[in-house]
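Quick notes on the structure that follows.
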Amino acid sequence: MKIATWNINGVKARIDTVLEWLRETSPDVACLQEIKSVDENFPRQPFEDLGYNVETHGQKGFNGVALLSKQPLEDVQRRLPGDDADEQARFIDAAVSTERGAIRFGCLYLPNGNPLGTEKYPYKLAWMERLIVHAETRLREEGAYMLLGDYNVIPEPIDAKNPQNWGDDALFQPESRQRFRALEYLGFTEAVRSCTEAEETYTFWDYQAGAWQKNNGIRIDHILLSPQATDLLSGCGIDKHVRGWEKPSDHVPVWVQLAA
DNA sequence: ATGCCTTGTCGCACAAGA
């Protein structure tokens, strides 16, 4: 079973690219971020034509997440618990049934937090605290659970081509990295780093200043696996070549293979 | 120091991204 996550930077602008990638890699589950669409305008039909069930949690203009699954999506939960006043569409959580039992997925688009000194940064940190609480709840269920998405956190210096350039950026602040570690150390396995210790393993290249051509990337899209999901882990990868396609997203897909 | 690109918005420039 292959499960992928990808920040597509707008479903309307990226629809052909996403469909091409789905035809090429055929993931069983795909978590999409930054759909930038309200639910009623999401182009469900072309995904359903490829055999996917579709659940979205969108908003106008910005943010928005979606789950695609070849198996039916069950017990769909929208919004990250913990703040009823939070109107930003950044989280959707659902389960699928497999021969090895149920597997649950949380698809997240964690706030960017820039620029520092504005309300955006404390919002990011508070959102991470809520994510930790939600993850604790899920872990207590002791099932196969995974948190996938755009975390907007560079965990370690090795996860950036030029870590010295990110010192004043919310993605690389000690507080952001501390909360990412606190989440991970609840008992999750960070899939990609468990599969490879290779340098220059990136998931994002800025559109500007020739970042892709210089391989000036960062690793900010992550997959965290509960112990029960980690037991099923058989491989992982990053579809880096997609960044070189026409009209690319600035992020590329990250995926895991599970023995389920 | 700033913008560099890209997307979406009831565009006619701007916000937001990272």
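Positions in the first sequence are counted from 1; adding 14 to them yields my numbering.
A virtual CB, placed ideally from N, CA and C, is assigned to each residue, including glycine.
These figures come from a predicted structure and were not determined experimentally.
- For P241, the closest alpha carbon among the candidates R154, M142, Q47, E54 is that of R154.
- Of the candidates A158, F119, Q222, E198, F119 places its Cα closest to the Cα of V90.
- Distance from the CA atom of P86 to the CA atom of I106, rounded to whole angstroms, is 15 Å.
- Closest by C-alpha distance to F76, out of N23, R28, F194, K84, is N23.
- Checking the DSSP bridge columns, you'll see V79 partnered with Q47, H71.
- Counting only runs of 3+ residues, the beta strand (DSSP E) found wholly inside the region 73 to 133 occupies 79 to 83, 88 to 92, 105 to 112, 115 to 123, in chain order.
- In this structure, DSSP gives K138 a helical state, which the three-state scheme calls helix.
- D63: member of the alpha helix (DSSP H) spanning 58 to 63, first to last residue.
- In this structure, D53 sits near T70, with a CB-CB distance shorter than 8 Å.
- Unbroken alpha helix (DSSP H) stretches of 4 residues or longer found wholly inside the region 185 to 237: 188 to 198, 205 to 209, given in chain order.
- Residue pairing from DSSP places L239 in a beta bridge opposite M160, T203.
- Less than 8 Å separates the beta-carbon of D235 from that of T19.
- According to DSSP, I168 shares a beta bridge with no other residue.
- The beta-carbon separation of I117 and A243, rounded to 7 Å, stays under the 8 Å limit for a contact.
- Sixteen is the threshold: when 16 or more other Cβ atoms of the shown chains lie within 10 Å of the Cβ of W35, as they do, the residue is buried.
- Of all alpha-carbon atoms in N176, Q73, A196, Q178, the one lying nearest the alpha-carbon of K50 is that of Q73.
- Within the same chain, and ignoring the five residues on either side of Y135 in sequence, the residues whose Cβ sits closer than 6 Å to its Cβ are G127, A184.
- By the neighbour-count criterion, in which 16 or more other beta carbons inside 10 Å mark a residue as buried, H255 falls on the exposed side.
- Between L46 and Y66, the gap from beta carbon to beta carbon reaches 8 Å or more.
- Under the 10 Å beta carbon count, S248 is surrounded by fewer than 16 other beta carbons and is classified as exposed.
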